[in-house]
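Just so we're aligned, residue 3 is where the sequence shown starts under full-length UniProt numbering, counting upward by one.
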Amino acid sequence: SMVLLDVRNVKLYYTTTKGIVKAVDNISFELDEGETLAIVGESGSGKSTLAKLLVRVWERNVSLVDGEIYLEGKEILHMPEEEFRREIRWKRIAMVPQASMNALNPVIKIGDQMTEPLLLQGTGKDEALKMAMDALESVGLPRDLVNRYPHQLSGGMKQRVIIAMSIMAHPKVVILDEPTSALDVITQANIMNLLKKLKWEYKLSYIFITHDLSLASELADSVAIMYAGKLVEIGGAEDIYTNPSHPYTQGLISSVPTLRTDKTLSFIPGEVPSLINPPSGCRFHPRCPFYKDRDYLKGLCDEKEPPMVELEGKASRKHLVACWLYK
Ligand code: ATP
Ligand code: SF4
Ligand code: MG
């Protein structure tokens, strides 16, 4: 299948009073047409920062943006902002930002909020309104919701509005940043079903960001694992779930509670490291059980950054892992 998005060596650093936060530090991956790639990692691992990088929406204290992003062969990370806004954002790559349903303005009509980005891009008012109503219908909401206010809607309905906004300009790629995290279990399941329907209907490719591996498994064709600003493993979903290879991924998988076993939950001791002074070598080494146990890894894992190694996998996508155990 065809590569839609080719992300190469991207970095995004923030400046803070305490130092430079290396939130996304040299990450590469590809997204195929029609594929759903889940990006999984603990809080603070850089998932939202990566999402912001892809749609070029970031805070003012960003001190470094680097690397290349190709959308169907065309570089988009460094193209003029004016061109990116006119051609790419919303129209080719759209995002459902983290916690965005809370960002709806309670006293501005849904229709006005939905059409605003399109109007800014030069779409006519009537056309934008029609696109908004079509999108509302696609997400299972009434067309006349455009005349209502967010404060009149439930959380689940607000999230549907946000999803409608993301698809209304018919993008190819939709980035979903924790799209169900604030919702109750039933509403969460409904939204997951909606995402599946939309993916099929609009032939979308998704980047699905979550800290929840079992949620990812419902939607993902492929899974990428982030740890402390780095991508540590990526592969077809089947390879990641049946043959997790990075020690961090293994820890994550064994922390997923299952209904059938009553085994005690294992978890990964230690904390997510600071991204201002990340550990040298492999950023996971202070928490890695293999590093602790195996003498030959001393002076290696703590000093040299592990290279990406290709493993044998079943999926069509390469199974890659950044760990000295496989070199
Ligand atoms: P979560 O699961 O909690 O949403 P995340 O994986 O999305 O976490 P990010 O929000 O990308 O993580 O944050 C990555 C790191 O960058 C964190 O250490 C965070 O504190 C830091 N960070 C994020 N935004 C900024 C900012 N504007 N200025 C400084 N540091 C930031
Ligand atoms: Fe553990 Fe070393 Fe692999 Fe890092 S590179 S995960 S410290 S074995
Ligand atoms: Mg986040």
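Idealized CB from N, CA, C, for every residue including glycine.
Per DSSP, cross-strand counterpart(s) of residue i
i	result
residue 321	313
residue 13	27, 68
residue 225	40, 237
residue 8	32, 72
residue 179	211
residue 105	According to DSSP, which records beta bridges pairwise, residue 105 is partnered with nothing at all.
residue 77	72
residue 91	95
residue 18	21
Under 8 angstroms between C-beta atoms of residue i and residue j
i	j	result
residue 101	residue 25	no
residue 135	residue 171	no
residue 151	residue 181	no
residue 22	residue 278	yes
residue 354	residue 148	The requested residue 354 does not occur in the structure, where the chain is confined to residues 3 to 329.
residue 215	residue 177	no
residue 69	residue 127	no
residue 228	residue 54	no
residue 225	residue 164	no
residue 173	residue 92	yes
residue 270	residue 250	yes
residue 130	residue 120	yes
residue 175	residue 94	yes
residue 283	residue 303	yes
residue 17	residue 63	yes
residue 47	residue 253	no
residue 36	residue 205	yes
residue 274	residue 32	no
residue 96	residue 188	no
residue 312	residue 321	yes
residue 241	residue 315	yes
residue 162	residue 217	no
residue 15	residue 66	yes
residue 9	residue 90	no
residue 2	residue 137	Coverage of the chain is limited to positions 3 through 329, which leaves residue 2 absent and any answer about it impossible.
Residue range of the unbroken beta strand (DSSP E) whose run includes residue i
i	result
residue 30	21 to 34
residue 210	207 to 212
residue 237	232 to 238
residue 148	Segment: none, residue 148 is in no beta strand (DSSP E) and carries neither H nor E.
residue 96	95 to 98
Residue i - containing alpha helix (DSSP H), residue span
i	result
residue 193	187 to 204
residue 128	127 to 140
residue 254	249 to 257
residue 307	Where residue 307 is concerned, there is no enclosing alpha helix (DSSP H), given that its DSSP letter is neither H nor E.
residue 184	Run containing residue 184: none; DSSP gives neither H nor E here.
residue 293	291 to 295
residue 57	49 to 57
residue 165	157 to 169
residue 112	112 to 122
Inset, instruction - Determine contact between the segment 245 to 253 and the segment 230 to 237, defined as no fewer than three beta-carbon pairs at a distance below 8 angstroms. - result: Contact between the segment 245 to 253 and the segment 230 to 237 is present, because at least three Cβ pairs lie under 8 angstroms.
Inset, instruction - May I ask you to verify whether the segment 288 to 295 touches the segment 56 to 72, counting CB pairs closer than 8 angstroms and requiring at least 3? - result: Contact check between the segment 288 to 295 and the segment 56 to 72: fewer than three CB pairs, one atom from each, fall below 8 angstroms, which does not count as touching.
Inset, instruction - Taking 8 angstroms as the threshold, find out whether the segment 3 to 19 comes into contact with the segment 70 to 86 through three or more Cβ pairs. - result: Enough Cβ pairs lie closer than 8 angstroms, so yes.
Inset, instruction - Determine contact between the segment 34 to 53 and the segment 210 to 222, defined as no fewer than three beta-carbon pairs at a distance below 8 angstroms. - result: By the criterion of at least three beta-carbon pairs nearer than 8 angstroms, the segment 34 to 53 is in contact with the segment 210 to 222.
Inset, instruction - Report yes or no: do three or more beta-carbon pairs, one from the segment 201 to 211 and one from the segment 290 to 299, lie closer than 8 angstroms? - result: By the C-beta criterion, the segment 201 to 211 is judged not to be in contact with the segment 290 to 299, since fewer than 3 inter-stretch pairs fall below 8 angstroms.
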